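Number of protein chains: 2
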Amino acid sequence: MSNTKPFILVTNDDGIAAPGIDCLVSALQAIAEVAVVAPDSEKSAVGHAITLSDPIRVTDFNKNDQWHGFAVSGTPADCVKIAVGALLERRPDMVVSGINLGSNAGINVIYSGTVSAATEGTILGIPSIAVSLTTYTHAIFEPAAEFAVKIARLVLTKGLPPRTLLNINVPNVPALEIRGVRITRQGMANFAELFDKRVDPRNRVYYWMDGKKAELAEGDDVDDVVIRQNLISITPIKYDLTNYEFIPELQRWIPENEKI
Amino acid sequence: MSNTKPFILVTNDDGIAAPGIDCLVSALQAIAEVAVVAPDSEKSAVGHAITLSDPIRVTDFNKNDQWHGFAVSGTPADCVKIAVGALLERRPDMVVSGINLGSNAGINVIYSGTVSAATEGTILGIPSIAVSLTTYTHAIFEPAAEFAVKIARLVLTKGLPPRTLLNINVPNVPALEIRGVRITRQGMANFAELFDKRVDPRNRVYYWMDGKKAELAEGDDVDDVVIRQNLISITPIKYDLTNYEFIPELQRWIPENEKI
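Chains A and B supply the protein sequences, listed in that same order. Its first residue numbered 618, the first sequence is counted upward by one per residue in this note's numbering. Its first residue numbered 618, the second sequence is counted upward by one per residue in this note's numbering.
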């Protein structure tokens, strides 16, 4: 094991046994030493949840003797925190989260466990990227894995601005059908939620949350629009949520020294 | 019941039985018709998690005949979604989330269930605010509740910019000791995580996540700095996470039509 190779932490939100993480690890091993610390089960749509009220369990995970890692009884953000804070012997040079089944574009970025893991890496000062594939079935992981390697090389060389990560969405088509790459902004089309109200065998009401993302005419520089055109989308994401433009107006609303 | 009164949805992440929500509901009833839809148990640090893999249960909750609401087996974001999508008979004019035990300032904004509920209201196009108190014990809720009413009146009159909510943190001191109000930006001081490694009675290792927020010299316009000075902090938060400034540089990294 040479310390001159970069050291990459890989995680995801589909769970350590998911095929997407396996393909990503194999591809990244060509350029880096890779550690895997990922949830022990699927943790989709957990947003940036962290586990404070429960103990966190860690178990060894061995993937067909090709790689081994740690399976964590927590969220993707927990995985990155505990990897860096307790499990890994040295600090990773980069965090790569994915490959997620299902795009993480538009408003979904806010709910995404995949993106939250990369955000957590960024919070810890480690350049981080999230990689998602635009499908839930019949996944073609290889082009996304190869593109992740390409971007990982760039990020390891050039770094990223403070508090900024890259959110990458790859269309689920063979490599030859991918038409190119676009730098995008996060789309803002809302979900139209549907709550499916049902009655269980004990006559108690429950709901399933379901919904469909609206398709807005938001422009050609938007993540969701780009991936529908078989282009790879890269959105730079930052976690300073302040709306700076609204501060002067708010200051007019509320005089500083007014008694409450 | 007059429809001329504004209609406010109140939620939180400490659970529908928490004292902070009770105080907030009582105060808001002076200016609005109030509906309460909140988690059936504590959901702190859940970030913007939503519940897609499990059914969601809803039960009636009656608070000493003073108000009644719905207790939801989900996250704060779930509560707002299901309130608007299935439970309430009309659309709220505003969402107020809180009063949270513990500040939601700086990096904590990202992990906060309280803020995520207000974010969800904003996503649904409803002006929303989050209110938190800087303590976990010996809470003095009344000044925060009164200030929430004041801001609710302003927001109901003036509205908020698109995709923007207000994140309010109130120092836990009697009203007379609150020195004023500041419009702030989200601080960026990291948590220093500690993982407390223990062995359970069956000799299995587990970890507790713990940590301490670093105190950076970030400036007098930062949320965490302001609340330590017994000032109320109001941060305008937006959920477009795009780092627009980095887009031109990224475009130089990756030519648009390069084959992947």
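Every residue, glycine too, gets a C-beta built ideally from N, C-alpha and C. Just so you know, these numbers come straight off a predicted model, no measurement behind them.
Please identify the residue among the options whose C-alpha is closest to the C-alpha of residue i.
i        : options                                : result
B/Phe758 : B/Val766, B/Asn789, B/Thr668, B/Asp682 : B/Asn789
B/Glu794 : B/Arg845, B/Ala635, B/Asp639           : B/Arg845
B/Asp857 : A/Ala806, A/Thr731, A/Val816           : A/Ala806
B/Glu737 : B/Pro709, B/Cys640, B/Phe764           : B/Pro709
A/Thr781 : A/Pro672, A/Ala688, A/Ala735           : A/Ala735
A/Asp682 : A/Val689, A/Asp639, A/Pro672, A/Leu833 : A/Asp639
B/Gly776 : B/Ile743, B/Asp841, B/Val651, B/Ala834 : B/Ile743
A/Gly836 : A/Gly804, A/Arg707, A/Ile724, A/Pro636 : A/Gly804
A/Asn727 : A/Val663, A/Asp695, A/Val627           : Sequence check: residue 727 of chain A is Ile here, not Asn. Of the candidates A/Val663, A/Asp695, A/Val627, the one whose C-alpha sits nearest the C-alpha of A/Ile727 is A/Val663.
A/Arg770 : A/Gly797, A/Ser690, A/Gln646, A/Ala722 : A/Gln646
B/Asp696 : B/Met711, B/Glu706, B/Leu833, B/Ile673 : In the sequence under discussion, the amino acid at residue 696 of chain B is Cys, which differs from the Asp named in the question. With distances taken between Cα atoms, B/Cys696 lies closest to B/Ile673.
A/Ser729 : B/Val689, B/Leu705, B/Ala666, B/Ala809 : B/Ala666
B/Leu773 : B/Pro636, B/Asn629, B/Ala649           : B/Ala649
B/Asn629 : B/Pro623, B/Ser670, B/Gly719, B/Asp671 : B/Gly719
A/Ser670 : B/Thr668, B/Val675, B/Ser661, B/Ser670 : B/Ser661
A/Leu704 : A/Pro778, A/Val653, A/Ala722           : A/Val653
B/Thr668 : B/Ile699, B/Ala644, B/Ser643, B/Leu641 : B/Ile699
B/Ile746 : B/Leu833, B/Asn725, B/Thr852, B/Glu832 : B/Thr852
A/Ser733 : A/Ala834, A/Val839, A/Thr692           : A/Thr692
A/Pro791 : A/Ile768, A/Thr752, A/Asp817           : A/Thr752
A/Lys855 : A/Pro778, A/Pro656, A/Glu832           : A/Pro778
B/Lys767 : B/Gly637, B/Leu641, B/Pro636, B/Thr621 : B/Leu641
A/Glu832 : A/Arg707, A/Gly723, A/Ile871, A/Thr739 : A/Gly723
A/Asp841 : A/Asp817, A/Phe808, A/Ser690           : A/Phe808
Residues in the same chain with beta-carbon distance under 8 Å from residue i, minus the five sequence neighbours each way, listed in chain order, please.
i        : result
A/Glu862 : none
B/Phe812 : Tyr824, Trp825, Met826, Asp827
A/Arg815 : Val822, Tyr823, Tyr824, Trp825
A/Glu873 : none
A/His755 : Asn789
Quick one: list the residues of chain A neighbouring residue i, beta-carbon separation under 8 Å, in chain order.
i        : result
B/Gly715 : None at all; the shortest Cβ gap to chain A is about 16 Å.
B/Asn807 : Ile740, Leu741, Gly742
B/Ala703 : Phe812, Lys814, Tyr824
B/Asp857 : Arg802, Gln803, Met805
B/Lys775 : Trp870
Near residue i, what residues of its chain come up, given a Cβ to Cβ distance below 6 Å and the 5 sequence neighbours on each side ignored?
i        : result
A/Val843 : Arg799, Thr801, Ser850
B/Thr859 : none
A/Glu659 : Asp631, Gly632
B/Ser619 : With a pLDDT of 49 at B/Ser619, under the threshold of 50, the modelled position of this residue cannot be trusted, and the question is left open.
A/Leu741 : Val701
B/Gly797 : Leu848
A/Phe687 : Val654, Val675, Leu704
A/Leu626 : Ala652, Ala700, Pro709, Val712
Quick one: list the residues of chain B neighbouring residue i, beta-carbon separation under 7 Å, in chain order.
i        : result
A/Thr751 : The contacting residues do not exist; A/Thr751 stays about 15 Å from chain B at best.
A/Ala785 : Per the sequence presented here, residue 785 of chain A reads as Ile, with Ala not at that position. Under the 7 Å cutoff, chain B gives no residues; its nearest Cβ is about 11 Å from A/Ile785.
A/Asn721 : None at all; the shortest Cβ gap to chain B is about 11 Å.
I want to verify the contact list: residues of chain D whose CB lies under 7 Å from the CB of residue i, in sequence order.
i        : result
A/Phe863 : Given the protein chain composition of this structure (A and B), no chain D is represented.
Leaving out the 5 sequence neighbours to the left and right, which residues in its chain are closer than 7 Å to residue i when beta-carbon positions are compared?
i        : result
A/Ala634 : none
A/His685 : Asp677, Phe678, Asn679
B/Ala761 : Ile716, Val748, Leu750, Val787
Which chain B residues are close to residue i, counting only those with a beta carbon under 9 Å from its beta carbon?
i        : result
A/Glu873 : Gly797, Val798, Arg799, Ile800, Leu848
A/Ile724 : Ile740, Tyr856
Taking Cβ-Cβ distances shorter than 9 Å, what residues in chain A pair up with residue i?
i        : result
B/Ser733 : Gly664, His665, Ile727
B/Ile699 : Glu810, Phe812, Tyr824, Met826
Name, please, each residue of chain A whose Cβ falls closer than 7 Å to the Cβ of residue i.
i        : result
B/Leu867 : Ile800, Ile851, Pro853
B/Leu771 : Trp870
B/Asn789 : The contacting residues do not exist; B/Asn789 stays about 14 Å from chain A at best.
Name the chain B residues whose beta carbon is nearer than 8 Å to that of residue i?
i        : result
A/Thr736 : Ile727
A/Asn681 : The contacting residues do not exist; A/Asn681 stays about 25 Å from chain B at best.
The region 822 to 838 of chain A in contact with the region 856 to 870 of chain A per 3-pair CB rule at 8 Å:
Touching, no, given that fewer than three Cβ pairs across the two stretches are closer than 8 Å.
Residues, ordered as in the chain, of the region 653 to 678 of chain A that lie near chain B by beta-carbon distance below 8 Å:
Glu659, Ser661, Ala662, Val663, Gly664, His665, Ala666, Ile667, Thr668, Leu669, Ser670, Pro672, Ile673, Arg674, Val675
Residues within the region 811 to 829 of chain B neighbouring chain A, beta-carbon criterion of under 9 Å
Leu811, Phe812, Lys814, Arg815, Asp817, Arg821, Val822, Tyr823, Tyr824, Trp825, Met826, Asp827, Gly828
Note down, in chain order, all residues in the region 620 to 646 of chain A with a beta-carbon under 7 Å from any beta-carbon belonging to chain B.
Residues passing the 7 Å Cβ filter: none.
Check whether the region 709 to 728 of chain A touches the region 773 to 789 of chain A, taking contact to mean three or more Cβ pairs, one atom from each stretch, closer than 8 Å.
yes
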